[in-house]
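For the sequence shown, the UniProt record's numbering begins at 1 and goes up steadily by one. Ideal placement from N, C-alpha and C gives every residue a C-beta, glycine not left out. Being a predicted model, the structure only gives us computed values, none of them experimental. Written below as structure tokens is the structure these notes are about.
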Amino acid sequence: MSSSKRKHNKVDSIASDIMEKKKKTDKATGQKMATIKENDSNMAGHELLPENINSDLTFDFQGFSENISKSFERLNDRMDLLENNIEKKLTDKITESIRTTIEKLVKSRVNEEISVMKGEFLKEMDVMKAEIERLKSSKFERLGNNNNFTFDTLDDSRRTNIVIKGLYESEGEMNNPDYTLDKVNDLIHDGLKLRTVNVINVQRKASRGTHPGVVIATLETTEQKKQIMENKSSLLRSKNHYNIYIDNDLPPAVRYQQNNLRTILKETGLTRRYRIQGTRIVPNTTSSSRVPRVPRA
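Put into structure tokens, the structure is as follows:
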């Protein structure tokens, strides 16, 4: 049985007791009134009690009973409201306690997993560092001792050549190589500001993908080539030529070896401390080997 139903039964029981007592009182009052009337009839000159005294007493008991019943109803309503508030507060408190406990358990578990993963990661890093050090000591020593390539050892057909990458390609070049020659001379004269350097021959290679084909340009002398190689970094600061690169015309075997050296420097994280010279890895003599590029307009 619910608490609300028990309260209503209790109120009904109290009301029944009050009505029973009222009936007994009414009965006793009636008997007393009969006795009083009988005595009063024998008393001359005495004033009789009002005839409606019994109805007045009955009316007072009924009002009292109704007030008691209403009071219990209000009390019952307040108790129901109090119970509901207590139940809500208890539910909220239990929910909050459960959530806090779950959060603590999850956080503890996550911290344990992170700690384990961090330990494993640090172990793997130690292994990788040891392997990198081994590669550096073996590869650098072998490459430094066994490779003595210099640009002076290039054959005569490449000694005065340069390779130009990123020079835009137009349709007219397919039928007239002089268009390409004019573009290269404009690049050297305007981009590098070398007015006395002239290209005597050019060859545009086939394009690969979306990039324009590379241009192999032949200069008049090795001294002119040296001037270009010393000033090529200025293209990176040029608004019109910042995306054009100039390299030496190297044999395929040398280019392949340089690519391998670049991969080693990249994997070991030493690209800022070392640079590739020919087929050797040498320390950088400046704080940074990179020249800031001009942003695209």
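CB contact flag (residue i, residue j, <7 Å)
| i | j | result |
| --- | --- | --- |
| ILE216 | ASP249 | yes |
| ILE244 | ILE162 | no |
| GLN258 | ILE276 | yes |
| GLN224 | VAL197 | yes |
| ARG159 | THR210 | no |
| VAL214 | LYS165 | yes |
Nearest residue (CA-CA) to residue i, options the options
| i | options | result |
| --- | --- | --- |
| THR268 | LYS239, LYS104, LYS225 and GLU133 | GLU133 |
| GLY191 | ILE98, SER238 and LYS165 | SER238 |
| GLY171 | LYS123, PRO212 and LEU270 | Per the sequence shown, the amino acid found at residue 171 is Glu instead of Gly. The residue with the shortest Cα to Cα distance from GLU171 is PRO212. |
| ASN176 | ARG204, LEU187 and LEU167 | ARG204 |
| ALA206 | HIS189, MET174 and SER234 | MET174 |
| THR279 | GLU112, ASN260 and SER65 | ASN260 |
| ARG208 | GLU230, TYR179, GLU169 and THR180 | GLU169 |
| SER65 | GLU20, PRO251 and LEU122 | GLU20 |
| ASN240 | ARG255, HIS189, LYS266 and GLU120 | HIS189 |
| SER157 | PRO251, LYS70, THR180 and THR285 | PRO251 |
| LEU265 | LEU236, ILE281 and LEU122 | ILE281 |
Beta-carbon separation (whole angstroms), residue i vs residue j, contact threshold 8 Å
| i | j | result |
| --- | --- | --- |
| LEU219 | VAL199 | 6 Å |
| ARG272 | PRO283 | At roughly 11 Å, the Cβ-Cβ gap does not stay under 8 Å, so ARG272 and PRO283 are not in contact. |
| LEU187 | LEU167 | 7 Å |
Near the ligand NAD: residue i beta-carbon under 6 Å from a heavy atom
| i | result |
| --- | --- |
| HIS241 | This structure does not include the ligand NAD; it has no bound ligands of any sort. |
Contact with chain D by residue i, beta-carbon distance below 7 Å
| i | result |
| --- | --- |
| GLU267 | Absent from the structure is chain D; it holds one protein chain and no more. |
Exercise. What are the start and end residues of each continuous beta strand (DSSP E) run of 3 or more residues lying completely inside the segment 218 to 271, in chain order?
Worked result: 245 to 248
For this session: Please list the segments of the alpha helix (DSSP H) lying wholly inside the segment 156 to 198, counting only runs of 4 or more residues, in order along the chain.
Result: 156 to 159 and 177 to 186
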